[in-house]
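Okay, so here's the structure we're looking at.
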Amino acid sequence: MHTNETKDLFEDAGLLFLYEKFQYQLYVTNLLGKTKPEILEKFLECYEFQQNEPLFFDEFAFHFRIFQNIFIKNNWVN
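The numbering of the sequence shown is this note's numbering, which starts it at 53 and goes up by one.
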């Protein structure tokens, strides 16, 4: 997934602050590199992130990987 597309998905979900916080880590780890956009979109819809609550990138990545695996294993991906 491209950087602009990723940023747009975070912005559409009202979580641009989260993208800005983890932008560098997302790039370095390539966590979303081969992810289909609909997976990230659903993840951001299902999980609730608050701007004033502390969140480490490792926590974010852990939850995303679990969500992604469940999403794929249940054939929710087209």
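C-beta: ideal position from N, C-alpha, C; glycine also.
Mapping DSSP to helix, strand and coil, what is Phe114?
helix
Exposed or buried, Gln120, counting other C-beta atoms within 10 Å across all chains shown (16 or more means buried)?
buried
Is the beta carbon of Leu84 less than 9 Å from the beta carbon of Leu96?
no
Against chain D, with Cβ distances strictly below 9 Å, would Asn126 count as a contact?
Among the protein chains of the structure shown there is no chain D, as only one such chain exists.
Between Leu67 and Phe101, which are expected to be in contact by the criterion C-beta below 8 Å, what is the C-beta distance as a whole number of angstroms?
Rounded, the Cβ-Cβ distance is 6 Å, consistent with contact.
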